[in-house]
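There are 4 protein chains.
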Amino acid sequence: MTEKPYNLVAGQSRERLAALSDGVFAVAMTLLVLDLHTPVASTVHNERELLSALLVMAPRLLIYLGSFMTLGIFWVGQQTQLNLIERSSRDLTWIHLAFLAGVTLMPFSTALMAEFITLRSALVIYWANILVLGLILFASWRVAVSYKLLGNTEPELIRAVERRIVVAQTLYAAGAALCVISPLLSLAVIVATQLVYVIGPKAGLLSRI
Amino acid sequence: MTEKPYNLVAGQSRERLAALSDGVFAVAMTLLVLDLHTPVASTVHNERELLSALLVMAPRLLIYLGSFMTLGIFWVGQQTQLNLIERSSRDLTWIHLAFLAGVTLMPFSTALMAEFITLRSALVIYWANILVLGLILFASWRVAVSYKLLGNTEPELIRAVERRIVVAQTLYAAGAALCVISPLLSLAVIVATQLVYVIGPKAGLLSRI
Amino acid sequence: MTEKPYNLVAGQSRERLAALSDGVFAVAMTLLVLDLHTPVASTVHNERELLSALLVMAPRLLIYLGSFMTLGIFWVGQQTQLNLIERSSRDLTWIHLAFLAGVTLMPFSTALMAEFITLRSALVIYWANILVLGLILFASWRVAVSYKLLGNTEPELIRAVERRIVVAQTLYAAGAALCVISPLLSLAVIVATQLVYVIGPKAGLLSRI
Amino acid sequence: MTEKPYNLVAGQSRERLAALSDGVFAVAMTLLVLDLHTPVASTVHNERELLSALLVMAPRLLIYLGSFMTLGIFWVGQQTQLNLIERSSRDLTWIHLAFLAGVTLMPFSTALMAEFITLRSALVIYWANILVLGLILFASWRVAVSYKLLGNTEPELIRAVERRIVVAQTLYAAGAALCVISPLLSLAVIVATQLVYVIGPKAGLLSRI
Numbered sequence: 113m114t115e116k117p118y119n120l121v122a123g124q125s126r127e128r129l130a131a132l133s134d135g136v137f138a139v140a141m142t143l144l145v146l147d148l149h150t151p152v153a154s155t156v157h158n159e160r161e162l163l164s165a166l167l168v169m170a171p172r173l174l175i176y177l178g179s180f181m182t183l184g185i186f187w188v189g190q191q192t193q194l195n196l197i198e199r200s201s202r203d204l205t206w207i208h209l210a211f212l213a214g215v216t217l218m219p220f221s222t223a224l225m226a227e228f229i230t231l232r233s234a235l236v237i238y239w240a241n242i243l244v245l246g247l248i249l250f251a252s253w254r255v256a257v258s259y260k261l262l263g264n265t266e267p268e269l270i271r272a273v274e275r276r277i278v279v280a281q282t283l284y285a286a287g288a289a290l291c292v293i294s295p296l297l298s299l300a301v302i303v304a305t306q307l308v309y310v311i312g313p314k315a316g317l318l319s320r321i
Numbered sequence: 113m114t115e116k117p118y119n120l121v122a123g124q125s126r127e128r129l130a131a132l133s134d135g136v137f138a139v140a141m142t143l144l145v146l147d148l149h150t151p152v153a154s155t156v157h158n159e160r161e162l163l164s165a166l167l168v169m170a171p172r173l174l175i176y177l178g179s180f181m182t183l184g185i186f187w188v189g190q191q192t193q194l195n196l197i198e199r200s201s202r203d204l205t206w207i208h209l210a211f212l213a214g215v216t217l218m219p220f221s222t223a224l225m226a227e228f229i230t231l232r233s234a235l236v237i238y239w240a241n242i243l244v245l246g247l248i249l250f251a252s253w254r255v256a257v258s259y260k261l262l263g264n265t266e267p268e269l270i271r272a273v274e275r276r277i278v279v280a281q282t283l284y285a286a287g288a289a290l291c292v293i294s295p296l297l298s299l300a301v302i303v304a305t306q307l308v309y310v311i312g313p314k315a316g317l318l319s320r321i
Numbered sequence: 113m114t115e116k117p118y119n120l121v122a123g124q125s126r127e128r129l130a131a132l133s134d135g136v137f138a139v140a141m142t143l144l145v146l147d148l149h150t151p152v153a154s155t156v157h158n159e160r161e162l163l164s165a166l167l168v169m170a171p172r173l174l175i176y177l178g179s180f181m182t183l184g185i186f187w188v189g190q191q192t193q194l195n196l197i198e199r200s201s202r203d204l205t206w207i208h209l210a211f212l213a214g215v216t217l218m219p220f221s222t223a224l225m226a227e228f229i230t231l232r233s234a235l236v237i238y239w240a241n242i243l244v245l246g247l248i249l250f251a252s253w254r255v256a257v258s259y260k261l262l263g264n265t266e267p268e269l270i271r272a273v274e275r276r277i278v279v280a281q282t283l284y285a286a287g288a289a290l291c292v293i294s295p296l297l298s299l300a301v302i303v304a305t306q307l308v309y310v311i312g313p314k315a316g317l318l319s320r321i
Numbered sequence: 113m114t115e116k117p118y119n120l121v122a123g124q125s126r127e128r129l130a131a132l133s134d135g136v137f138a139v140a141m142t143l144l145v146l147d148l149h150t151p152v153a154s155t156v157h158n159e160r161e162l163l164s165a166l167l168v169m170a171p172r173l174l175i176y177l178g179s180f181m182t183l184g185i186f187w188v189g190q191q192t193q194l195n196l197i198e199r200s201s202r203d204l205t206w207i208h209l210a211f212l213a214g215v216t217l218m219p220f221s222t223a224l225m226a227e228f229i230t231l232r233s234a235l236v237i238y239w240a241n242i243l244v245l246g247l248i249l250f251a252s253w254r255v256a257v258s259y260k261l262l263g264n265t266e267p268e269l270i271r272a273v274e275r276r277i278v279v280a281q282t283l284y285a286a287g288a289a290l291c292v293i294s295p296l297l298s299l300a301v302i303v304a305t306q307l308v309y310v311i312g313p314k315a316g317l318l319s320r321i
């Protein structure tokens, strides 16, 4: 296999993978909130009109903050994995590039949900984006474990990383399923799940997962 | 607490937190000024029309440079904290992610103020954005101190960091309060405060805070 | 040659070249997908209309994912080269800056092809962008080799890097030539070539190149 | 001076300054070219119409590539300085933040010139942007030298850095002055100067500066 020399050296750098990831997350996070447009000047002539225009935007702001939190959760998750591996490999690099492609789609699916918050399809696409990110992160962990790219990592920790992804995605899926009742209810459950993951450990919640 | 293994390793990397922060600041800073649109070609036919179109944009340019300075101040402030801590923790990482969410909102609140410079609500939102950034930076410092994430840091320096945030935010709040008289006056006081922080130390000002 | 002192120190940093590259790739990758606009709210009133609006966008999404993969391939390729060189030089830095200029053009040529997918000129420009990236990467490798900027690298690996670029570009060119029959066929061959490069090594394909 | 403890630790990190700079340059470089919009689909129905629409864009593409080169020159220049200094300081950090503010204005002044290429004011603003970048870089070098932030640097190199900036800015200013004859002539001279700086050292030109 003469390809060996090339593929053995390609995509080895964990540091550059981390740097590219930080860049993609930074751009996606900033563009997310950038979709908030200022009210059109010609429709606002006084304080009251500005305040009511901003009030109309409030749900949109909440959705964007929610997506920022989602990206934050996945950034922490990916970072934790990359910190635990000792080196990357060509395959792992491509799995993480697929992960980053999913990250760049987040501003789109967020904008879609913000625009069509009452339609189920918009919520399902938003959830599908979260699901894809979770699946790829799960796959990247499995690959890192089976290719022995990890440094000295306790088996318990290996299982903890997997369990965490599975539990979170189960809750997200349950939330998404509620969209047969109401997309807004779905969104509320998904955001609540995320808040538990962000604030939970502090509050003593989630101590079993 | 079986969650320990995961949460002990999640979000530990000070380096990646710094890299993500630099990315978010870089994008926010560049997008800030990008909101300056060139005059519409169809309305400009000669030098005089171009110059007058640019003159109309001048206040907007000043506001954007002011926001760039604001982001610069907070970037230096965050950097100083991150340089002093020895490692991050999951909680500290999330506090800084909240800080970055505030940073990404800066282009929006800047554009809002540039568009509605005579309306108090626009100024109050702009100030609220600065306030939120200050509060989170204060919280992150307190957490870093109480969780003993700092390396060897003199107590005097610990107090200096806190005092600096409190004094600056007090001056910003006083400036914002002046918007009952005029939003422009508020803005002038806020920008003057920032200039003192940027140029002050050099000029021998601020030697007591 | 009094210029020596300056040009000997200018553009030496491999690390900063890598950091700038990661930044440019991150922004280009994110902006690529950002060109997906949500359907206009006034044209969508129910689930069916949203789904059909999204279906219309599907080919565009595929094209964007294809371009993301293209950028991923070139990012891995550039990274591999930069990992193998021990230091940069002023000339090599400028070659990589030219490479990055080509990267920043990718969102434009992608949008062009997405918009005019049935026109040959759009496909030729898209291919020309890929060709330029390949040529510059080939040139940068030759310069790195002849200026002895590489560390200890086996001759076989040096040839493998070159061969890889030449074979890939030959396949891309063959694909592009098919546009005399149909631009869509061209695109399919180009994307298939890329998929082989991404998935191939794993599947045992490409073992001879 | 009780402020000392804070200002002695604020803004010290050369690494984070470099990271922020790479981020700002990366975003500015990518956004520059992003201003190239694809022709409007409704005005293009066949190959000939697309080609002629692209031909109309050609000068704009050249201007954007020119600005990319400008940013490249300043990125190399700043990088060279940051590589030579051993640590940053609060003052130097703020000088570089001002430099980055100038960098973020480059997409605006480029778009302005692309839009109004026959008007002198547009060219003067473009040149003023380059001048500001040069002046700040000159100032940052002087500060680095006089604050003894450099490591062991030969006096000859110190002078070479300064001379280079002065000569380049003199040529740019001479080019800009030619706009009394024609803005296009000005632009040609400025771009020619830049090309000499990029390619010159290789070609044996510039051996005296």
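Protein chains in written order, with this note's numbering: chain C, 113 to 321; chain P, 113 to 321; chain E, 113 to 321; chain W, 113 to 321.
Backbone N, C-alpha and C fix where the C-beta goes; we use that ideal spot for every residue, glycine too.
Check whether N241/C and G263/C have beta carbons under 8 Å apart | no
Sort R232/C, Y176/C, N158/C, L224/C by Cα distance to V303/C and report the nearest one.
-> Y176/C
Reduced DSSP secondary structure (H/G/I, E/B, other) of I197/E = strand
8 Å Cβ cutoff met for V255/E and I270/E = no
Which residues of chain P have a Cβ atom closer than 7 Å to the Cβ of V139/W, listed in chain order?
-> From the beta-carbon of V139/W, the residues of chain P found nearer than 7 Å are A138, V139, T142.
Give, in chain order, every residue of the stretch 159-174 of chain P whose Cβ lies closer than 8 Å to some Cβ of chain W.
-> Closer than 8 Å at the C-beta level to chain W, one finds these residues of the stretch 159-174 of chain P: E159, L162, L163, L166.
Reduced DSSP secondary structure (H/G/I, E/B, other) of L261/W = Residue state, collapsed to three classes: coil.
Own chain residues within Cβ distance below 7 Å of F228/E, not counting five before or after | A234
In angstroms with no decimal places, state the Cα-to-Cα distance between F137/C and R202/W.
-> 28 Å
Can you name, in chain order, every residue of its own chain whose Cβ lies under 6 Å from the Cβ of A288/W, other than the five neighbours on each side?
-> Around A288/W: W239, S298.
Mind the definition here: the stretch 166-185 of chain C touches the stretch 155-173 of chain E only if three or more C-beta pairs lie below 8 Å; say whether that holds.
-> no
What residues from chain P crowd round A223/W, counting only those whose CB sits closer than 7 Å?
-> T150
Below-8 Å beta-carbon distance, W239/W vs any chain E residue | no
Have a look at A285/E, I293/E, V292/E and flag the residue whose alpha-carbon is nearest the alpha-carbon of Q306/E.
-> A285/E
Using only alpha-carbon positions, find the residue among T205/E, T192/E, W187/E, R160/E that is nearest to Q124/E.
-> T205/E
Any beta-carbon of chain E closer than 8 Å to the one on I233/C?
-> First, the residue type needs correcting, since residue 233/C is Ser and not Ile in the sequence shown. Output row for S233/C: interface = yes.
Any residues in the stretch 295-311 of chain P with a beta carbon nearer than 9 Å to a beta carbon of chain W? Which ones, in chain order?
-> Contact annotation: in the stretch 295-311 of chain P, residues whose CB is within less than 9 Å of a CB in chain W are V310, I311.
Tell me, to the nearest whole angstrom, how far the beta carbon of I185/W is from that of V310/W; I am working on the premise that it is less than 8 Å.
-> 7 Å
Own chain, CB closer than 7 Å to V278/P, minus 5 neighbours either side, in chain order = Excluding sequence neighbours, V278/P sits near nothing in its chain.
State the CB to CB distance for the pair L249/W and Q190/W, rounded to an integer number of angstroms; the pair is presumed to be in contact (CB under 8 Å).
-> 6 Å
Chain C contact for L217/E (CB, 8 Å cutoff) = It does not; no Cβ of chain C falls within 8 Å.
Which of helix, strand or coil does DSSP assign to P151/W?
-> Coil.
Within 10 angstroms of the Cβ of R126/C, are there 16 or more other Cβ atoms? Answer buried if so, exposed if not.
-> A residue is called buried when at least 16 other Cβ atoms come within 10 angstroms of its Cβ; R126/C meets this threshold and is buried.
Please classify V139/W: is it buried, with 16 or more other beta-carbons within 10 angstroms of its beta-carbon, or exposed?
-> buried
Between L162/W and the rest of its own chain, which residues show a CB-CB distance below 7 Å, the 5 nearest in sequence each way excluded?
-> P151, V156
Quick one: residues in its chain with C-beta nearer than 6 Å to the C-beta of D147/P, no 5 flanking neighbours on either side, listed in chain order?
-> A223
Can you grab the Cα-Cα spacing for the pair Q281/P / L290/P, in whole Å?
-> 14 Å
Give the DSSP-derived three-state secondary structure of S125/C in the structure shown.
-> Per DSSP, reduced to three states, the secondary structure at S125/C is coil, with no helix or strand assignment.
Have a look at I207/E and K260/E and give me their C-alpha separation to the nearest angstrom.
-> 16 Å
Spell out whether any CB of chain E is found under 8 Å from the CB atom of Q191/W.
-> yes
Helix, strand or coil for N158/C, going by three-state DSSP, please let me know.
-> coil
Could you run through the stretch 200-213 of chain C and flag, in chain order, every residue whose CB is less than 9 Å away from some CB of chain E?
-> R202, D203, T205, W206, L209, A210, L212, A213
A256/P touches chain W at which residues, Cβ-Cβ below 9 Å?
-> Here the premise fails: no neighbours, minimum Cβ distance about 14 Å.
Could you list which residues in chain C have their beta carbon closer than 7 Å to that of R126/P, in chain order?
-> Ordered by position in chain C, no residue passes the 7 Å Cβ test against R126/P, which lies about 11 Å from the chain.
Roughly how many whole angstroms lie between the Cα atoms of A226/C and M218/C?
-> A direct Cα-to-Cα measurement between A226/C and M218/C gives close to 12 Å.
Are the C-beta atoms of E262/E and some chain W residue less than 8 Å apart?
-> Residue identity check: residue 262/E is Leu in the sequence provided, not Glu. No, because no Cβ of chain W sits closer than 8 Å to the Cβ of L262/E.
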